[in-house]
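K.L.:
Numbering (UniProt numbering), first residue to last: 1 to 607.
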Amino acid sequence: MERRGRGSGQRRNNRSGRDRRDGQNGNDGPRAGGQQQRQRHQRQQDQDEQQQYEQQGQRQQQSSILPQTSTPALTEAVPKDTPRFADMVGVHPALVQALTEDLKFDHMMPVQAATLHELLPPKRSDCLVQAKTGTGKTIAFLLPAIQTLLTQTHRSGRGAGGGISLLVISPTRELAMQIAKEAEGLLQRLRQYRVCIAIGGTNKDREEKQILAGCDILIATPGRLIDHMSNDYIRDAFSNLDTLVLDEADRLLDMGFMPALRDIVRALPDKASTNRQGMLFSATIAAHVEQVAGLVLSKGYQFISTIPAGEANTHERVPQHLVKVPTFAAVAPAMVGAIREEAASLGPDAFKAIVFAPTAALADFYGDVLTNIPGLPPASVLHSRISQNRRTKITNDYRDAKSGVLIATDVIARGMDFPGVTTVFQVGIPADKESYIHRLGRTARAGADGRGIFVVAEAEDFFPRWTLKEISFEPRNADLSSAAQVYSIAEQRIDDGQKAKIYQAWLGYYKNWMKNLKWDKEQLVAEGNIFARDALASPETPPIQKSTIGKMGLRGTRGLVVVPDAPKARHGRGGGGGGGGEGRSIGSGGRGGGGGGGGGGRRGGRF
1 MERRGRGSGQ RRNNRSGRDR RDGQNGNDGP RAGGQQQRQR HQRQQDQDEQ
51 QQYEQQGQRQ QQSSILPQTS TPALTEAVPK DTPRFADMVG VHPALVQALT
101 EDLKFDHMMP VQAATLHELL PPKRSDCLVQ AKTGTGKTIA FLLPAIQTLL
151 TQTHRSGRGA GGGISLLVIS PTRELAMQIA KEAEGLLQRL RQYRVCIAIG
201 GTNKDREEKQ ILAGCDILIA TPGRLIDHMS NDYIRDAFSN LDTLVLDEAD
251 RLLDMGFMPA LRDIVRALPD KASTNRQGML FSATIAAHVE QVAGLVLSKG
301 YQFISTIPAG EANTHERVPQ HLVKVPTFAA VAPAMVGAIR EEAASLGPDA
351 FKAIVFAPTA ALADFYGDVL TNIPGLPPAS VLHSRISQNR RTKITNDYRD
401 AKSGVLIATD VIARGMDFPG VTTVFQVGIP ADKESYIHRL GRTARAGADG
451 RGIFVVAEAE DFFPRWTLKE ISFEPRNADL SSAAQVYSIA EQRIDDGQKA
501 KIYQAWLGYY KNWMKNLKWD KEQLVAEGNI FARDALASPE TPPIQKSTIG
551 KMGLRGTRGL VVVPDAPKAR HGRGGGGGGG GEGRSIGSGG RGGGGGGGGG
601 GRRGGRF
């Protein structure tokens with residue numbers, strides 16, 4: 001493990017805010033005796049509070065306001081040579097008992113052993129921690145932050161519900177809900193403290209009421225948090241913020257949230273005038289991660305890496321097969337053939353796969369194909385256009401399943417742990433090399449075996465050949481025997497409106513790759529029209545509204561069928577826009593239209 005100071009100046013030598021008032025600058029000098037006395041008094045208060053809790057049974061019990069979501073298992077084995085949670089000093093007895101008696105944790109995971117002494121009071125160091133998902137990192141930041149919450153509520157007298165003490169920013173809704181459930185698990189003996197979530201796809205007004213009713217810990221995605229921060233009352237709730245955590249910091253930045261993060265930090269109380277602790281957890285450390293570290297952490301922050309030097313990444317140790325087909329229309333049949341082969345090889349009860357698609361509309365298309373071909377494993381679809389409640393159910397069902405297929409977009413590529421995934425299929429090229437690697441990382445976890453299968457059209461060969469040139473793919477013949485079935489499903493099961501969405505999404509996605517594909521706009525449209533005809537069974541080119549073509553940058557391109565924009569409704573409420581993407585910064589306009597829901601929910605819950 002690696003630990004070193006970062007930034008300029010000595011770390012936290014000249015503390016401000018509550019630290020200065022409370023004498024947390026160390027045990028040297030004439031104030032040491034007073035601090036030791038305060039620590040003894042704090043321990044006695046903690047013990048008294050725990051005894052009161054035990055006498056009262058379930059004090060201030062309240063039902064969880066969070067959706068029911070299962071907590072994923074660790075993907076690494078728990079070591080036996082690390083410190084034990086039961087031996088921790090200075091941690092509230094209720095937290096220790098929740099860890100050891102309720103959650104059945106004994107020894108710490110390596111990331112916890114490496115970080116807790118730096119993150120817990122009284123040190124409360126600002127830290128950038130490099131750690132992979134599934135290694136216990138959530139407890140590594142929740143435990144210190146909750147201990148700080150308990151310490152500060154005692155000292156300030158503000159009590160539970162006195163304002164948000166911990167803010168955790170997560171890149172995805174699913175990860176945010178997982179973090180919230182783990183926080184509730186730690187607080188199950190301290191029910192007076194409330195955990196709230198602020199995520200897209202849920203009722204914003206209900207979230208607002210819950211936050212203003214008394215929220216101690218808030219887990220949020222950036223776009224929804226930006227929405228809430230326009231409310232002055234909610235901004236005031238952050239006046240006592242003790243801890244700010246960015247989880248999956250590299251993914252937050254990869255998703256374009258840096259402007260939103262800047263706006264969020266500007267809206268919070270000035271770090272220089274408070275004693276707010278900052279934590280960044282990231283699987284990779286690149287220049288843009290260090291940039292956001294400068295935004296959230298103090299100078300001289302600690303860097304702790306829990307990834308052993310030279311440890312092989314998933315893409316360096318997992319067998320990977322490459323299936324190439326001559327046309328884009330052959331991609332779906334090749335996917336079906338590869339899934340059949342894998343299911344037959346492993347056995348239907350042991351085959352658990354994730355199929356990654358480039359867009360939500362293509363994920364829906366592949367879901368329609370897989371659910372309508374007899375003899376294939378049960379399948380479900382997951383992407384951002386599906387309602388949050390449905391996404392939660394699909395996620396939980398697949399996590400608990402022993403077998404089955406989940407067709408998804410990059411919404412689950414990182415931060416989500418599904419036990420027992422035997423195979424990852426990537427159908428079509430991903431957004432970049434990092435996406436390919438993180439998708440593949442959903443298999444072969446916790447020492448288990450796994451494999452990856454990459455299905456591409458001939459035109460996409462540049463990606464495995466050059467972008468992934470360090471990976472030794474094993475060529476695999478394409479089984480296209482299902483081509484007639486796939487065409488029949490597209491012809492009979494997918495309506496014209498859905499075909500238009502798939503076609504439009506295909507054009508939008510591959511427009512980003514025109515330079516690599518060596519296409520101009522007319523060739524892009526020509527290839528898209530062939531895809532619509534041969535893959536979607538659409539004899540006529542699907543129409544696209546005039547304004548949409550303009551937004552896509554394809555105005556005036558030959559081969560498109562342009563139709564006038566639909567008239568805006570004069571009365572009543574519109575029919576929704578399919579969810580859209582979250583706004584990236586304050587004043588960005590919140591959520592965009594998104595282009596329709598695209599189905600998918602009807603295939604949920606089949607595991």
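Note that beta-carbon positions come from the ideal geometry of N, C-alpha and C, so glycine has one too.
Output the boundary residues of the alpha helix (DSSP H) element that contains Thr115.
P.N.:
Note, Thr115: alpha helix (DSSP H), 110-119.
K.L.:
Counting Cβ pairs closer than 8 Å, one from the region 206-219 and one from the region 170-180, do we hit at least three?
P.N.:
Short answer: they touch.
K.L.:
Is Gly201 helix, strand or coil by DSSP?
P.N.:
In the structure shown, Gly201 sits in coil (DSSP, three-state: anything other than H, G, I, E or B).
K.L.:
In chain order, what residues of the same chain have a beta carbon less than 6 Å from the beta carbon of Phe463, not counting five sequence neighbours either side?
P.N.:
Answer for Phe463: Ile429, listed in chain order.
K.L.:
Going by alpha carbons, who is nearest to Ile549 out of Val561, Asn240, Pro539, Leu119?
P.N.:
Answer by Cα proximity: Val561.
K.L.:
Are the Cβ atoms of Thr151 and Pro121 separated by less than 7 Å?
P.N.:
A contact, by the Cβ cut-off of 7 Å.
K.L.:
With a 10 Å radius around its C-beta and 16 neighbouring C-beta atoms as the bar for buried, classify Trp506 as buried or exposed.
P.N.:
With 16 or more other Cβ atoms within 10 Å, it is buried.
K.L.:
Determine, for Ala484, whether the minimum Cβ-Cβ distance to residues of chain D falls below 7 Å.
P.N.:
In summary, chain D is missing from the structure at hand, where a single protein chain is found.
K.L.:
DSSP has Gln130 in a bridge; who is on the other side?
P.N.:
Partner(s): Ser282, Ser305.
K.L.:
Just curious, the alpha helix (DSSP H) that Ser435 is in, first and last residue?
P.N.:
433-440 is the extent of the alpha helix (DSSP H) around Ser435.
K.L.:
Take Arg602 and list the residues in its own chain whose beta-carbon comes closer than 6 Å to its own, dropping the five residues that flank it on each side.
P.N.:
Residue placement at Arg602 cannot be trusted, given a pLDDT of 40 that sits under 50; the coordinates are not used to answer.
K.L.:
Residues in the same chain with beta-carbon distance under 6 Å from Gly420, minus the five sequence neighbours each way, listed in chain order, please.
P.N.:
Excluding residues within five positions, the ones whose Cβ falls inside 6 Å are Lys352.
K.L.:
Report the residue from Gly256, Ala267, Asn275, Glu460 whose alpha carbon sits nearest the alpha carbon of Lys515.
P.N.:
It is Glu460.
K.L.:
Go to Leu218, then tell me how far its beta strand (DSSP E) extends in each direction, as first and last residue.
P.N.:
217-220 is the extent of the beta strand (DSSP E) around Leu218.
K.L.:
Do you know whose CA, among Ala344, Thr359, Lys499, Leu376, lies nearest His383's CA?
P.N.:
Here the closest residue by C-alpha is Thr359.
K.L.:
Does Pro567 pass the burial test, meaning 16 or more other C-beta atoms within 10 Å, or should it be called exposed?
P.N.:
Under this definition Pro567 is an exposed residue.
K.L.:
Where does Phe351 sit, in a helix, a strand or coil, going by DSSP?
P.N.:
Here Phe351 sits in coil by DSSP.
K.L.:
What would DSSP say about Leu524, mapped onto helix, strand or coil?
P.N.:
Helix.
K.L.:
Considering Cα atoms alone, identify which of Val411, Pro374, Phe85, Asp400 is closest to Val381.
P.N.:
Among Val411, Pro374, Phe85, Asp400, the Cα nearest to that of Val381 belongs to Val411.
K.L.:
Strictly by DSSP, which residues pair up with Gly404?
P.N.:
In DSSP, Gly404 forms a bridge with Lys352.
K.L.:
Would you kindly work out how many angstroms separate the C-alpha atoms of Val563 and Gln545, rounded to a whole number?
P.N.:
Val563 and Gln545: Cα-Cα distance of roughly 5 Å.
K.L.:
Give the single residue among Ala413, Ser239, His228 whose Cα lies nearest to the Cα of Thr202.
P.N.:
Comparing Cα positions, the closest option is His228.
K.L.:
Just reading off the alpha helix (DSSP H) that Phe365 is part of, what are its end residues?
P.N.:
Its alpha helix (DSSP H) spans residues 360-371.
K.L.:
Closest by CA to Phe473, which one among Ala484, Ile453, Glu458?
P.N.:
Here the closest residue by C-alpha is Ile453.
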